[in-house]
Amino acid sequence: MRAFRLAYDGRPFYGFQRQPSVPTVEGALFDALRALSVISPKADKPTDYAAAGRTDAGVSAVAQTVAFECPEWLSPRALNGELPATVRAWASADVADAFHATHDAVRREYVYHWYAPSTDTEHRPLDGRQPVDDDRVAAAVDTLAGAHDFHNLTPDDTGTARDLTIAADRDGDMVRLSVAADGFARHLVRGLVSVISAVATGEQSVGWIETLLGDETVLPRPRAAPPEPLVLSRVAYPGVAFDRDPAAVESAVDALGDRAVDARIASEVGSALVDRLAGGTDRLGDAEGNF
1 MRAFRLAYDG
11 RPFYGFQRQP
21 SVPTVEGALF
31 DALRALSVIS
41 PKADKPTDYA
51 AAGRTDAGVS
61 AVAQTVAFEC
71 PEWLSPRALN
81 GELPATVRAW
91 ASADVADAFH
101 ATHDAVRREY
111 VYHWYAPSTD
121 TEHRPLDGRQ
131 PVDDDRVAAA
141 VDTLAGAHDF
151 HNLTPDDTGT
161 ARDLTIAADR
171 DGDMVRLSVA
181 ADGFARHLVR
191 GLVSVISAVA
201 TGEQSVGWIE
211 TLLGDETVLP
221 RPRAAPPEPL
231 VLSRVAYPGV
241 AFDRDPAAVE
251 SAVDALGDRA
261 VDARIASEVG
271 SALVDRLAGG
281 TDRLGDAEGN
291 F
């Protein structure tokens, strides 16, 4: 039995879990294993297969973990030879036959990269959204952290009681929201971000969070924040040491780095357009024709 770490850009996929007729990360993985003859063309999935979690459509990962029976020669770089550029294996570990990638994970961490300009900055948010008050962010995080029943922040009916560690770290206009627990209900992290955002902008009070954490069902349920800024960043297994494959890591950095550059360029172009339009001029140059 071998476990593999996967990194992927989730934006082109309809989630991790295999679905008919649409691209998914798991579907790409199984196609690669068929191309490598690790599983037969008609096989549903590898023997004893399991994954750490099922990320939603648009959600990315750097620590997704899958485990299954495979030949000795199957390495991360061999997998990458058949995987699309948006999915890269980068580390592996030999594990016991009883290992289960879902059930044996003791800690998972998600990071949400939240565009959240502060009320302390002079410039307006690029998209016209309300700026956030960092003190209110801290108050919301403190209220949500710890052991609670989050039944109002997930469509799940079971497994809603969780003990969460939450941290918020600002870097310019971005806030890095880290949420860690032994497991998560569906859409919970994105629901948390939505709640923190509502309190941080003054749309809701901190007391609203207490209502959401109470026993009563609150309808409508807070809408989940967009999935694209969310990354599965860590999954911990006791006693399992993953070996990084240097060539596979380099391949992952190159492939995912290309997409990061594309996104950075798109961001710069968008910012330039907004800055020009917000500048209040409709002329390309001054009266003398100077730009």
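Following this note's numbering, the numbering of the sequence shown begins with 1 at its first residue and continues without gaps. Beta carbons are placed, not taken as given, at the ideal position from N, Cα and C, and that holds for glycine.
Would you call the CB atoms of residue i and residue j closer than 8 Å?
i	j	result
ASP173	PRO117	yes
LEU230	TYR112	yes
ALA89	LEU6	yes
ARG223	SER194	yes
PHE150	ARG136	no
ASP97	THR119	no
From the DSSP output, read off the bridge partner residues of residue i.
i	result
PHE4	VAL66 and SER92
ARG162	HIS148
HIS113	ARG176
VAL206	Answer is none; VAL206 lacks a bridge partner.
ASP341	In the structure displayed, the chain extends from 1 to 291; residue 341 sits before or after that span and is not available.
ALA168	LEU177
SER60	VAL231
ARG108	ALA181 and VAL235
SER292	Any answer about residue 292 is impossible in this case: the structure gives the chain only from 1 up to 291.
ALA43	Its beta-bridge partners do not exist; DSSP assigns none.
VAL87	TYR8
ALA50	ALA67
Which whole-angstrom value describes the C-beta separation of residue i and residue j, a residue pair presumed to lie in contact below a C-beta threshold of 8 Å?
i	j	result
HIS187	PRO155	6 Å
CYS70	PRO41	Going by Cβ atoms, the distance from CYS70 to PRO41 rounds to 16 Å, so no, they are not a contact pair.
PHE99	ALA3	7 Å
ILE166	ALA198	About 15 Å; that fails the 8 Å criterion.
GLU109	SER178	6 Å
ALA140	ILE196	4 Å
LEU83	ALA32	5 Å
What's the call for residue i, buried or exposed, on a 16-neighbour Cβ count within 10 Å?
i	result
LEU245	Rather than Leu, the amino acid found at residue 245 in this sequence is Asp. Burial call: buried.
LEU273	exposed
ALA168	buried
THR211	exposed
ASP9	buried
ILE209	buried
ASP142	exposed
THR55	buried
ALA278	exposed
GLY239	exposed
GLY191	buried
VAL38	buried
ALA225	buried
VAL87	buried
VAL189	buried
contact_flag[the segment 99-119, the segment 47-60] where n(CB pairs < 8 Å) is 3 or more: yes
Inter-stretch contact (C-beta, 8 Å, three-pair minimum) for the segment 200-209 and the segment 71-82: Using a Cβ-Cβ distance cut-off of 8 Å, the segment 200-209 and the segment 71-82 are not in contact, since fewer than three pairs of beta carbons, one from each stretch, lie closer than that value.
Sufficient close CB pairs (3 or more, under 8 Å) joining the segment 56-70 to the segment 223-242: yes
Three CB pairs or more closer than 8 Å across the segment 247-262 and the segment 176-186: Between the segment 247-262 and the segment 176-186 there are fewer than three inter-stretch CB-CB distances shorter than 8 Å, so the stretches are not counted as touching.
Cβ contact (3+ pairs, closer than 8 Å) linking the segment 10-18 and the segment 26-35: yes
Inter-stretch contact at 8 Å, needing at least 3 Cβ pairs: the segment 92-102 / the segment 256-269: no
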